[in-house]
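So for the first sequence, the working numbering puts the first residue at 45; every next one is plus one. C-beta: ideal position from N, C-alpha, C; glycine also. All figures in this text were calculated on a predicted structure; none of them were measured in a lab. Okay, so here's the structure we're looking at.
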Amino acid sequence: MRNISRPLKTGKSLGNDDWFSSQLLDWYGFNKRHLPWRETKDPFKIWLSEIILQQTRVNQGMPYYLKFIASYQTVQDFAQANLDDILKLWQGLGYYSRARNMHQCANAVMNHFGGNFPDNYAELQKLKGIGKYTAAAIASICFGEAVPTVDGNVFRVMARLFGIAEDIAKTSTFKVFFDRAKTLMPAGHSGDFNQAMMEFGAMICTPKSPECATCMFETHCFAKSKGLIDSLPVKSKNVKVRHRYFNYYVYTHEGQVLIRQRSEGDIWTGLFEFDIEETKKSLKSSSFEGGKLEYSSSEMVHQLTHQKLHLRFHVYEMRSQKALVQVGEAKQMLMVSRERIGDYAVPKPIELFLNNEFCR
DNA sequence: CTCCGGAAGG
DNA sequence: CCTTCCGGAG
Numbered sequence: 045m046r047n048i049s050r051p052l053k054t055g056k057s058l059g060n061d062d063w064f065s066s067q068l069l070d071w072y073g074f075n076k077r078h079l080p081w082r083e084t085k086d087p088f089k090i091w092l093s094e095i096i097l098q099q100t101r102v103n104q105g106m107p108y109y110l111k112f113i114a115s116y117q118t119v120q121d122f123a124q125a126n127l128d129d130i131l132k133l134w135q136g137l138g139y140y141s142r143a144r145n146m147h148q149c150a151n152a153v154m155n156h157f158g159g160n161f162p163d164n165y166a167e168l169q170k171l172k173g174i175g176k177y178t179a180a181a182i183a184s185i186c187f188g189e190a191v192p193t194v195d196g197n198v199f200r201v202m203a204r205l206f207g208i209a210e211d212i213a214k215t216s217t218f219k220v221f222f223d224r225a226k227t228l229m230p231a232g233h234s235g236d237f238n239q240a241m242m243e244f245g246a247m248i249c250t251p252k253s254p255e256c257a258t259c260m261f262e263t264h265c266f267a268k269s270k271g272l273i274d275s276l277p278v279k280s281k282n283v284k285v286r287h288r289y290f291n292y293y294v295y296t297h298e299g300q301v302l303i304r305q306r307s308e309g310d311i312w313t314g315l316f317e318f319d320i321e322e323t324k325k326s327l328k329s330s331s332f333e334g335g336k337l338e339y340s341s342s343e344m345v346h347q348l349t350h351q352k353l354h355l356r357f358h359v360y361e362m363r364s365q366k367a368l369v370q371v372g373e374a375k376q377m378l379m380v381s382r383e384r385i386g387d388y389a390v391p392k393p394i395e396l397f398l399n400n401e402f403c404r
């Protein structure tokens with residue numbers, strides 16, 4: 045990438061008229077990454093990319109964006125798709141409610157807006173999965189509306205440059221950043237300005253070890269001059285991790301296996317898994333008497349922000365096909381062949397088990 | 001291990 | 001206002 049950071053003219057201050065935005069847009073023009081969703085203003089593609097990029101870095105989201113665009117060219121295609129197929133494409137990306145909300149959103153666009161996304165900030169926010177951030181992204185990029193996208197990057201860039209020390213975890217702080225960002229937006233360039241702010245936060249003003257040496261705002265940056273780079277933005281946190289113990293029972297017979305779709309109200313809604321017994325304390329050794337225990341895996345740990353999952357897999361070989369069918373009916377499970385498990389969306393640790401231990 | 005991050009639901 | 005939803009990077 046070219047480094048086009050330029051020294052600042054003297055006598056200018058950040059946030060003064062459009063000096064800040066012209067510097068930022070200049071930097072963006074030379075240094076932006078050329079990403080597929082930056083080649084279009086199609087609301088469907090912008091919507092898709094923005095939902096994928098929520099809580100997800102570009103490098104991780106890219107293959108998913110390409111898969112989705114290859115499978116669904118329009119919001120109509122997406123709306124008509126089967127939710128299970130969408131979840132399968134989404135597998136591994138996390139926060140699966142995003143995929144379910146997208147399906148609802150696409151159907152609302154078809155049924156209430158004639159297949160066209162609404163063209164403004166307020167209406168966009170009425171759609172499932174579209175909040176203030178995504179509505180601002182679509183409204184500014186696709187329709188030129190002057191609304192700022194305040195995401196983690198924007199919080200960080202502005203908190204550091206301007207020395208805004210309000211706690212970004214508090215809801216009320218959002219308006220402080222939103223209003224300030226809006227005053228900085230250059231007329232007629234809201235989409236590029238928003239993308240430039242976020243790109244700058246992702247490439248230069250990063251959470252850890254930002255590239256202050258190549259930053260064109262270095263000499264005017266509040267945090268840099270005060271030595272507060274590592275303490276801005278201010279973000280309170282209250283993380284208490286809950287331990288959970290998932291005992292999985294994998295019932296098999298001659299290449300057939302039983303799986304079940306997870307219901308609402310917990311993690312991994314809509315994804316498939318094996319028969320599960322959740323225990324309070326530690327994992328159980330084994331408990332199923334209906335088949336021959338072939339194998340028990342070692343404990344697998346899967347760390348989420350608020351949960352630490354302890355998983356163990358017990359593989360049982362049933363005596364007969366009939367026995368397997370009976371268990372499946374009793375436990376309301378679906379019988380599939382090992383080769384077809386890949387057609388179903390599964391959580392990350394199940395995918396790891398399948399790839400590393402079960403289907404080898 | 002810790003940290004990061006939009007939207008929904010309570 | 002607070003908590004929950006997920007996986008990857010450092």
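In the displayed model, Met154 falls within a helix according to three-state DSSP. Cβ contact annotation for Phe218 (same chain, cutoff 7 Å, sequence separation greater than five): Val194, in chain order. Looking at the backbone, the Cα of Ile208 and that of Thr227 are separated by about 15 Å.
Cβ contact annotation for Pro277 (same chain, cutoff 6 Å, sequence separation greater than five): Phe199, Arg200, Ala203, Ile212, in chain order. Spatial neighbours of Lys268 in its own chain (CB-CB distance under 7 Å, excluding positions within 5 residues in sequence) are listed in chain order as Cys256, Glu262.
Counting only runs of at least 4 residues, the region 226–256 fully encloses the following alpha helix (DSSP H) elements, listed from N- to C-terminal order: 234–247. Taking each of Arg144, Phe206, Val191, Thr250 in turn and checking the Cα distance to His264, the smallest one comes out for Phe206.
Taking Arg356 as reference, the option from Ser253, Phe290, Pro162 with the minimal CA-CA separation is Phe290. The alpha carbon of Met344 has as its nearest neighbour, out of Glu333, Lys336, His358, the alpha carbon of His358. Using a Cβ distance threshold of 7 Å, Phe222 and Pro192 count as a contacting pair. Taking 4 residues as the minimum length, the region 273–307 contains no alpha helix (DSSP H) run wholly inside it. According to DSSP, residue pairing for Ser340 in a beta bridge involves His358. Phe316 is bridged by DSSP to Gln305.
Contact between Asp274 and Leu69 does not hold, since their C-beta atoms are separated by about 28 Å, which reaches or exceeds 8 Å.
For Gln376, the secondary structure class from DSSP, reduced to helix, strand or coil, is coil. Here the alpha carbons of Leu171 and Ala123 stand approximately 13 Å from one another. Between Arg363 and Gly335 the beta-carbon gap is near 7 Å, inside 8 Å, which marks them as a contact. Going by DSSP, Gly105 is part of the alpha helix (DSSP H) stretching over 102–115.
Gln351 sits close to Arg286, with the two beta carbons spaced by under 7 Å. Linking Ala231 to Gly245 through their CA atoms gives a straight-line distance of about 22 Å.
For Ser184, the enclosing alpha helix (DSSP H) stretches over residues 176–187. Under the three-state reduction of DSSP output, Thr323 falls in the strand class. The closest CA to that of Trp81, considering only Phe74, Lys89, Asn75, is found on Lys89.
One thing to note: Ala179 has its Cβ within 7 Å of the Cβ of Gln169.
Here the C-alpha atom of Ala150 lies approximately 15 Å from the C-alpha atom of Asp128. Apart from sequence neighbours up to five positions away, the residues of its chain that approach Phe318 with a beta-carbon distance below 8 Å are Tyr292, Tyr293, Val294, Tyr295, Val301, Leu302, Ile303, Arg304, Phe357, Ile394, ordered along the chain. In the structure shown, the three-state DSSP call for Gln120 is helix. Listed as beta-bridge partners of Val345 by DSSP are His354.
Apart from the 5 residues on each side of it in sequence, Leu337 sits with its Cβ closer than 8 Å to the Cβ of Ser330, His358, Val359, Tyr360 in its chain, given in chain order. Assignment of Ser141 by DSSP, reduced to helix, strand and coil, places it in the helix class. Within the same chain, His350 come within 8 Å of Lys284 by CB-CB distance, once the 5 residues on both sides are set aside.
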